[in-house]
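The listed protein sequences correspond, in order, to chains A and B. Residue numbering for the first sequence follows the working numbering, beginning at 424 and increasing consecutively. Residue numbering for the second sequence follows the working numbering, beginning at 424 and increasing consecutively. C-beta atoms are modelled at their ideal positions from N, C-alpha and C, and glycine is treated no differently. The structure under discussion appears below in the form of structure tokens.
Number of protein chains: 2
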Amino acid sequence: MSGKPRVVIVGGGFAGLYAARTLAKAHVDVLLIDRNNFHTFTPLLYQVATCALDPSAIAYPLRTIFRKYDNLSFLMGSVIDIDTEQKHIVIETQAGQLVEPYSYLIVATGTVTNYFGQKAIEDHAFGLKELDDAVILRNHILSLFERAAWVNDTGLRDALTTLVVVGGGPTGIETSGALYELYNYVLKNEYSSVSPKMRARVILLEAMPHLLAPYPERLRKAAKKQLESLGVEVMLDAMVSEVHPDRIVLKDGRSIRTYTLVWSAGVKTSPLVEKLGVDLQKGGRVPVEPNMLVKGKDDVFVVGDIAYLQDDKGDPYPQLIPVAKQQGILAANNILNTVAGRPMQTFSYSDRGIMATIGRSRAVAWIFYRIQLTGFIAWLAWLFLHLVALLGFRNRLSVFISWVWNYLTYDRSVRLILATSETDEALTEKVVAEETL
Amino acid sequence: MSGKPRVVIVGGGFAGLYAARTLAKAHVDVLLIDRNNFHTFTPLLYQVATCALDPSAIAYPLRTIFRKYDNLSFLMGSVIDIDTEQKHIVIETQAGQLVEPYSYLIVATGTVTNYFGQKAIEDHAFGLKELDDAVILRNHILSLFERAAWVNDTGLRDALTTLVVVGGGPTGIETSGALYELYNYVLKNEYSSVSPKMRARVILLEAMPHLLAPYPERLRKAAKKQLESLGVEVMLDAMVSEVHPDRIVLKDGRSIRTYTLVWSAGVKTSPLVEKLGVDLQKGGRVPVEPNMLVKGKDDVFVVGDIAYLQDDKGDPYPQLIPVAKQQGILAANNILNTVAGRPMQTFSYSDRGIMATIGRSRAVAWIFYRIQLTGFIAWLAWLFLHLVALLGFRNRLSVFISWVWNYLTYDRSVRLILATSETDEALTEKVVAEETL
Chain A
424 MSGKPRVVIV GGGFAGLYAA RTLAKAHVDV LLIDRNNFHT FTPLLYQVAT
474 CALDPSAIAY PLRTIFRKYD NLSFLMGSVI DIDTEQKHIV IETQAGQLVE
524 PYSYLIVATG TVTNYFGQKA IEDHAFGLKE LDDAVILRNH ILSLFERAAW
574 VNDTGLRDAL TTLVVVGGGP TGIETSGALY ELYNYVLKNE YSSVSPKMRA
624 RVILLEAMPH LLAPYPERLR KAAKKQLESL GVEVMLDAMV SEVHPDRIVL
674 KDGRSIRTYT LVWSAGVKTS PLVEKLGVDL QKGGRVPVEP NMLVKGKDDV
724 FVVGDIAYLQ DDKGDPYPQL IPVAKQQGIL AANNILNTVA GRPMQTFSYS
774 DRGIMATIGR SRAVAWIFYR IQLTGFIAWL AWLFLHLVAL LGFRNRLSVF
824 ISWVWNYLTY DRSVRLILAT SETDEALTEK VVAEETL
Chain B
424 MSGKPRVVIV GGGFAGLYAA RTLAKAHVDV LLIDRNNFHT FTPLLYQVAT
474 CALDPSAIAY PLRTIFRKYD NLSFLMGSVI DIDTEQKHIV IETQAGQLVE
524 PYSYLIVATG TVTNYFGQKA IEDHAFGLKE LDDAVILRNH ILSLFERAAW
574 VNDTGLRDAL TTLVVVGGGP TGIETSGALY ELYNYVLKNE YSSVSPKMRA
624 RVILLEAMPH LLAPYPERLR KAAKKQLESL GVEVMLDAMV SEVHPDRIVL
674 KDGRSIRTYT LVWSAGVKTS PLVEKLGVDL QKGGRVPVEP NMLVKGKDDV
724 FVVGDIAYLQ DDKGDPYPQL IPVAKQQGIL AANNILNTVA GRPMQTFSYS
774 DRGIMATIGR SRAVAWIFYR IQLTGFIAWL AWLFLHLVAL LGFRNRLSVF
824 ISWVWNYLTY DRSVRLILAT SETDEALTEK VVAEETL
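In structure tokens:
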């Protein structure tokens, strides 16, 4: 052993990764643990799901970052327990269970899809939180279209090409817009020779009376208008009450035949936070001090989407990537401060605003919460900021070329149905069984 | 119905695809059927398996080709029966079984991996014939390395990073070379901080006393020398006699601990050829007339790897892509000839030679069976010819950029462990079970 303090970081998302990078070359040993061997640039997941980007374009192998620094190491596995008394964590890996001690722990495990305890939704809906989710959704939609092309029953065919997205936040808006474009620019033309009458519906459901809750009224309306101008059917005040493999029912009794329900209506914190043994806040978030230490601990930091910290107005900081990045960096710096005998710093959020894209030349942006942009200008800003935020020159190049290509050709080139996962196979079986009835 | 003759093509590989393209805009209706919704550029499969290329870079969505032509349509499914009396085929699709009639049938289903009836090999070995195979192998190797990094037992660790390739043909040579490069340029550096002693072995086994049987002596030797200069251990006269999940045994009694056996030692024709009701030739190939009609039929053509046709010297044409392409085009033209009342043409193979690549700056080529090239020049020729042979400008651009990137950076960027298929999960379970014993 080197005698250097050992920092263990759980989670290679934005918070964990930026914490690790901050500790590179410092006089500490760092171990980062993640279930995947790559970091995922989550804002572009929906573009993988809709055939616009390759999975590898938004994934960055974690070891690539780490090989440059001798004091960083990576372990692929799932952390299943945290023992803050013994100061170690337990990890489930392909090589069996490992126990790894820490001097300082940074927990940055992020959120998972929240199905609000509804088993039927969990069984039948598609989440969009992980790279695997995106590939599964892509396979599923392409498979349904392949099937729809050869179905004579009009009702069934329309059901197969009806795609429902739940949740009027940025993910729901971006996904529904991109799904409609996938249909409108690509699939419509490719299936026309077989089924001239094949058409798709993309429906966005939002339980509240407006989209994009955190945005000002003007941008909410602009987002809705732009989505509708694209072809997406936006239903507000629409709550899902029942979910079946082949249809959903809304609270007002309306029924929609569909085999595709994309669920982006909520997140909850990853289950690991319960192992910290502290009382959790709303949404399962962990209360932290402004220095990112878990309340009552002096060696366990919690950062990113799972941290609960109030801003000056008493509102919790939002579950956004810039917050996660900045908290990860702060926790890492506070470990270095402690090791060096310096006082810790407190979190101060540098916030440049929020934005969401809707489709080709369509977006909304609220820059510094002062400037409201819509349409082409907002879209260009979105493209530019996401491009520079990508990790790794190769990913940036790959995404840039794909975007230019997609823009010029109206194409979506990554239309591969690869080995279906169990989820999708199970669903296909359900679909087939359904029709046999 | 249009009254036009209906040509059904089974298989979207090189033979089937070039047949379909030849019939584009002609006065026939064409239906092409494939299990996948894309055509695979198989010569580069090993680069997907070794993290150098994205799956989408070597896959071309079949509908993209077809949307340009009104008379072509595509159906994703598996043909399970051929009735040459009733002139129809039976297809298993996601929409159930379909029966599709034909006026002319072109069967181009290609080959599958031949395990020579050995169940143990089939269960434990990795084939490399399909895009799914490549992704499964990539996941598997990356997972083993992640695991090896945290294993303390030296013997087990070495076994996890010992990769065995069986078959000294082009696929085996290319795969073993690329596997060694993946280790040597990438994995070696990325795991060094954890396990400085982690090292990989790549072993190529060939049952015959030389590699590359169809090549002249000088090129065979050059290939072996180049492989060995790279770091691959080449074992000739080496027959596999036993395969276990964690080791293989050679006929001479030598045992090699490994969890990765890539099987590129042989192919056999796809099982569908048995439905044609004709006596099959060696390797299960279907005897055809020089016009590509199945012997004794006047409306069923068989082309590509599954066709058995002798050249002037009495040898069957080799199972190579140029043969498949040219036979597919000929069968299509002979259908047009028949429809127009013209006589059919016979097959005449335009053969420009053979080549195989070994790794960075290493290859062998036998141009027009006269000029023998080795090393850098042969490698450049290989790169150029494969680049221009790729379908679609976007794939060409994507492969070109990846190659330049890989060459300049010595990197292999597509190192993602994505949702493992059942095959790989089963194997992982086996590996874990093995260790527990």
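- Judged by DSSP in its simplified three-state form, residue 437 (chain B) adopts helix.
- Here residue 633 (chain B) carries a coil assignment [DSSP, helix/strand/coil].
- Only those residues of the region 460-472 of chain B whose C-beta falls short of 7 angstroms from the nearest C-beta of chain A are listed: 460 and 461.
- According to the DSSP assignment, residue 465 (chain A) belongs to no alpha helix (DSSP H), since it is labelled neither H nor E.
- For residue 516 (chain B), the chain A residues whose Cβ falls inside 9 angstroms of its Cβ are 569, 570 and 573, in order along the chain.
- In the three-state reduction of the DSSP assignment, residue 598 (chain A) falls in the helix class, which pools H, G and I.
- At a C-beta separation below 9 angstroms, residue 840 (chain A) has these neighbours in chain B: 459, 460, 461 and 499.
- For residue 736 (chain B), the closest C-alpha among the options B:597, B:772 and B:559 is that of B:772.
- For residue 512 (chain B), the enclosing beta strand (DSSP E) stretches over residues 511-516.
- Secondary structure of residue 652 (chain B) (DSSP, three-state): helix.
- The residue from A:558, A:582 and A:557 with its alpha-carbon nearest to that of residue 568 (chain A) is A:582.
- Among the bridge pairs identified by DSSP, residue 691 (chain B) is matched with B:535.
- By alpha-carbon distance to residue 589 (chain A), the top candidate from A:680, A:658 and A:441 is A:658.
- A Cβ of chain A is located within less than 9 angstroms of the beta carbon of residue 614 (chain B).
- The beta-carbon of residue 799 (chain B) is placed no less than 9 angstroms from the nearest beta-carbon of chain A.
- Taking 9 angstroms as the cut-off, the Cβ atoms of residue 533 (chain B) and residue 654 (chain B) do not count as close.
- Measuring C-alpha to C-alpha distances from residue 599 (chain A) to each of A:647, A:555 and A:579 identifies A:647 as the nearest.
- Spatial neighbours of residue 720 (chain A) in its own chain (CB-CB distance under 7 angstroms, excluding positions within 5 residues in sequence) are listed in chain order as 507.
- Residues of chain B with a Cβ closer than 7 angstroms to the Cβ of residue 837 (chain A) are, in chain order, 479.
- For residue 490 (chain B), the closest Cβ of chain A is nearer than 9 angstroms.
- Only residues of its own chain outside the window of five on either side were considered, and among them 775 and 776 have a CB closer than 7 angstroms to the CB of residue 791 (chain B), listed in chain order.
- Counting only runs of at least 4 residues, the region 794-831 of chain A fully encloses the following alpha helix (DSSP H) elements, listed from N- to C-terminal order: 798-812.
- The beta carbon of residue 449 (chain B) sits no closer than 9 angstroms to any beta carbon of chain A.
- Residues of chain A with a Cβ closer than 9 angstroms to the Cβ of residue 521 (chain B) are, in chain order, 573.
- Per the coordinates, the alpha-carbon of residue 634 (chain B) lies some 53 angstroms from the alpha-carbon of residue 782 (chain A).
- DSSP, read as helix, strand or coil, puts residue 593 (chain B) in helix.
- Separation of residue 517 (chain B) and residue 492 (chain A) (C-alpha to C-alpha, rounded to the nearest whole angstrom) is 50 angstroms.
- In this structure, the CA atom of residue 680 (chain B) is about 40 angstroms from the CA atom of residue 438 (chain A).
- The DSSP-derived three-state label of residue 742 (chain A) is coil.
- Not a single C-beta of chain A is nearer than 9 angstroms to the C-beta of residue 826 (chain B).
- Within the DSSP secondary-structure output, residue 786 (chain B) pairs in a beta bridge with B:780.
- Interface criterion met: the Cβ of residue 486 (chain A) is under 9 angstroms from a Cβ in chain B.
- Counting other Cβ atoms within 10 Å of its Cβ, residue 813 (chain B) reaches 16 or more and is therefore classed as buried.
- Residue 840 (chain A) carries a coil assignment under DSSP once its states are collapsed to helix, strand and coil.
- Within a 10 Å sphere around the beta-carbon of residue 665 (chain B) sit fewer than 16 other beta-carbons, which makes this residue exposed.
- Think of a sphere of 8 angstroms around the beta carbon of residue 482 (chain B): the chain A residues whose beta carbon falls inside it are 839, in chain order.
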